[in-house]
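*Asks:* Heads up, the sequence shown is in the numbering used here, so the first residue is 581 and it goes up one at a time. Note that the Cβ used here is the ideal one computed from N, Cα and C, for glycine as well. In this text, all values refer to a predicted model and were calculated from it rather than measured experimentally.
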Amino acid sequence: YLLVSVKENGFSNCYIFSIDEVQASVKERRLLKFSNGISLASWIASRYPQSSNFYSIEAALSSLNTIRSQAIRISVNHFIRPTEVWEVDVKSVLEGDVNAALKVLVEHIPHKNYDPDMYEAVKLLAPASIHAEGSAPTSGVEHIPVMLCYRRDAFLKGESPLLLDVYGSYGDCYEAEFSRSRISLLDRGVVCAIAWVRGGGEMGRAWRDSGRLRLRNNSVTDVSACASFLIEEGWSHPSKLALRGGSAGGTLVSAAMLNTPELFHAVVANVPFVDCLTSMLDPNIPLTTIEWEEWGNPVKDIHAYWDIKQYSPMDNIPGFHHLTHIDRKDKTNLNAVFPSTISQIDWNLIERKLRSLPHLYVDSSFGDSRVAYWEPTAFVSRLRSVISAMILKDPSFRTPLILHYCQMDAGHAGASGRFSYLKETARELAFLLKVWQIP
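1. In the DSSP assignment, the beta strand (DSSP E) including residue 987 goes from what residue to what residue?
2. Considering only residues of the same chain and omitting the five flanking positions on each side of residue 823, which have a CB-CB separation below 6 Å?
3. I believe residue 816 touches residue 741 by the beta-carbon criterion, under 8 Å. Please report the beta-carbon distance rounded to the nearest angstrom.
4. Taking just the CA atoms, how far does residue 810 sit from residue 587?
5. In its own chain, which residues sit with a C-beta less than 6 Å from the C-beta of residue 582, not counting the 5 before and 5 after it?
6. Can you give, in chain order, each stretch of the alpha helix (DSSP H) that sits fully within the stretch 840 to 875 and has at least 4 residues?
7. With distances taken Cα to Cα, identify the nearest neighbour of residue 860 among 634, 800, 952 and 789.
8. Alpha carbon to alpha carbon, how far is residue 1028 from residue 792?
9. On the three-state DSSP scale, how would you describe residue 810?
10. Tell me whether residue 589 is buried or exposed, calling it buried when 16 or more other Cβ atoms sit within 10 Å of its Cβ.
11. Using 10 angstroms around the beta-carbon of residue 1012, count the other beta-carbons present and answer buried if the total reaches 16, otherwise exposed.
12. How is residue 658 classed by DSSP in three states: helix, strand or coil?
13. Does DSSP put residue 942 in a helix, in a strand, or in coil?
14. Suppose the cutoff is 7 Å on Cβ atoms and the five residues either side in sequence are ignored; what does the same chain contact list for residue 639 look like?
15. Comparing C-alpha positions only, which one of 966, 968, 989 and 929 sits nearest to residue 946?
16. For residue 679, which of 686, 669 and 687 has the nearest alpha-carbon?
17. With DSSP as the reference, please indicate the residues paired to residue 700 in a beta bridge.
18. Excluding the five sequence neighbours on either side, which residues of its own chain have a C-beta within less than 8 Å of the C-beta of residue 838, listed in chain order?
19. Under a three-way DSSP split, which group does residue 933 fall into?
20. Please list, in chain order, all residues of the same chain as residue 912 whose beta carbon is under 8 Å from its beta carbon, the five residues on each side excluded.
21. In three-state terms, what does DSSP make of residue 961?
22. Assuming residue 776 contacts residue 710 (C-beta within less than 8 Å), just tell me the rounded distance between them.
23. Any idea which residues DSSP pairs residue 825 with across the strands?
24. Using only the alpha-carbon positions, how far apart do residue 977 and residue 970 sit?
25. Does the separation of the CB atoms of residue 707 and residue 721 fall below 7 Å?
26. Ignore the nearest five residues each way along the sequence and tell me which others in residue 1007's own chain have a CB closer than 7 Å to its CB.
27. Indicate whether residue 799 and residue 751 have their beta-carbon atoms separated by less than 7 Å.
28. So the beta strand (DSSP E) residue 597 belongs to, where does it begin and stop?
29. Output the residue ranges of the alpha helix (DSSP H) runs that lie fully inside the stretch 753 to 803 and measure 4 residues or longer, sorted by chain position.
30. How about residue 956 and residue 965: are their beta carbons less than 7 Å apart?
31. Taking DSSP as the reference, what is the three-state secondary structure of residue 1006?
32. Please return the same chain residues whose Cβ sits closer than 8 Å to the Cβ of residue 686, not counting the five positions on each side in sequence.
33. Measuring only the C-alpha atoms, how far is residue 827 from residue 967?
34. Short check: CB of residue 690 to CB of residue 760, under 7 Å?
35. Hey, residue 948 and residue 991: beta-carbon distance below 7 Å or not?
36. When the distance is taken between beta carbons, is residue 753 closer than 7 Å to residue 659?
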């Protein structure tokens, strides 16, 4: 038999082909047809008809004793069902005997009262604009897959808080897998979502290429498009929608926050790469030169320079270059600064964006060699300086909660230690529950 691991509609899957089918395809000089193989995801779904058919199947090849082994082990992941390890009897699979073919070896139970049937998983397609290289949107539309899960008896249409996670970078896949930390949010009525924006590898190589280099801004606009779609469809409300992303995903959430702040109530940015242009201009910074393949080389390519500057969060804080030159001791000149230095139209846009800024939680790591700690630190400092300037102009200005936590003993992936990641997650969830006003 032949075992093939594939990506199918964003989910990992495995197909088993009989040796006769393989030999026939070689003899006839044709490609294997998946319709002639057996999909393990379909078989797993048949065992759980009450759950949505959103399973990711990964084969543990190290479990094969010999090349002629008739039993293989697979890891079965689902958005709302705990991860399981199954043993598959290949002979029974080829004979079509489902009951004899599949056997659960390990089932991870988050806690004894957890019931997957109390939750629901849904896949949606959010329409987003298609941009040509360095240009305005075209008339075409791309559909961005969004995975949602929620607790059936706690969801309130148009009123439930929603946490949207994104990454969309380097062709990496953001798997819709089970998460223990997600349960506490679901049980509090929060809808949890993952958006497979362009730049990730969930939908293939072309999907990745449509979100990198001169098309990188597609990833940013996809985030806003997904948020807008979820609001329009009644899954949440701008006063309840939170956005989360880390590293290169932190670039996307920070840029989306600055472009369309009215869509979000809160943003969590983990070790966010926010000073994109400065970092890409300095080849002495570790990893910069190899990152040019993803972001472009602004040192030699003027188009790359302006493309990166278009979405780099540090370079797009509304009003920063105008508002931070105010003499805070001499408030008599405020009327001369607002808005005489810029046009009335531009000032109206800046003021509207600043008044809509969501609450923000940023974390960084002192030992991070990928995203230096001073990037998120400077980003938060700039945001606070702009807000301070707005308060000088209008004391009634609504001040969003902006928090920055720098881990002094951690790297890009967070602190080491058995329970350190739980503390990091606890800080994020505590922030979200506070701004959602959920006990």
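*Replies:* Result, derived from the coordinates:
1. Segment 982 to 987, the beta strand (DSSP E) holding residue 987.
2. The answer, listed in chain order, is 744, 833, 844 and 847.
3. That pair is a contact at about 7 Å.
4. Here the C-alpha atom of residue 587 lies approximately 25 Å from the C-alpha atom of residue 810.
5. These residues qualify, in order along the chain: 597 and 602.
6. You should have 856 to 861 and 868 to 875.
7. Looking from the CA of residue 860, the closest CA among 634, 800, 952 and 789 belongs to 952.
8. The structure shown does not extend to residue 1028, since the chain spans only 581 to 1019, so no value can be given for it.
9. DSSP, read as helix, strand or coil, puts residue 810 in helix.
10. Per the 10 Å Cβ criterion, exposed.
11. Burial is judged here by how many other beta carbons sit within 10 angstroms of a residue's own beta carbon; residue 1012 has at least 16 and is buried.
12. Residue state for residue 658 is assigned as strand, using DSSP reduced to three classes.
13. Of the three classes helix, strand and coil, the one that applies to residue 942 here is strand, per DSSP.
14. Excluding sequence neighbours, residue 639 sits near 583, 585, 594, 652 and 654.
15. The alpha carbon of residue 946 has as its nearest neighbour, out of 966, 968, 989 and 929, the alpha carbon of 989.
16. The shortest CA-to-CA distance from residue 679 to any of 686, 669 and 687 is the one to 669.
17. In the DSSP output, where bridge partners are listed per residue, residue 700 has 730.
18. The beta carbon of residue 838 sits closer than 8 Å to those of 893, 896, 897, 898 and 933, all from its chain and outside the five residues before and after it, given in chain order.
19. Of the three classes helix, strand and coil, the one that applies to residue 933 here is helix, per DSSP.
20. Below a pLDDT of 50, predicted positions are generally treated as unreliable, and residue 912, at 46, falls in that range; no measurement from the model is reported.
21. Note: residue 961 maps to helix in three-state DSSP.
22. Rounded to the nearest angstrom, the Cβ distance from residue 776 to residue 710 is 16 Å, too far for a contact under 8 Å.
23. DSSP lists 849 as partners of residue 825.
24. It is roughly 7 Å from the alpha-carbon of residue 977 to the alpha-carbon of residue 970.
25. Going by C-beta atoms, residue 707 is nearer than 7 Å to residue 721.
26. 985, listed in sequence order.
27. Not a contact, by the Cβ cut-off of 7 Å.
28. Counting along the chain, residue 597 sits inside the beta strand (DSSP E) bounded by residues 591 to 597.
29. Listed in chain order, they are 760 to 767 and 785 to 789.
30. 7 Å or more divides the Cβ of residue 956 from the Cβ of residue 965.
31. Assigned with DSSP and collapsed to three states, residue 1006 falls in helix.
32. Exclusion of the five residues before and after residue 686 leaves 664 and 665 as the residues of its chain whose Cβ lies within less than 8 Å of its Cβ.
33. Cα to Cα, the separation comes out at about 25 Å.
34. Inclusion of residue 690 and residue 760 in the CB contact set at 7 Å is warranted, their separation being smaller than that value.
35. Yes. Within cutoff.
36. No. Outside cutoff.
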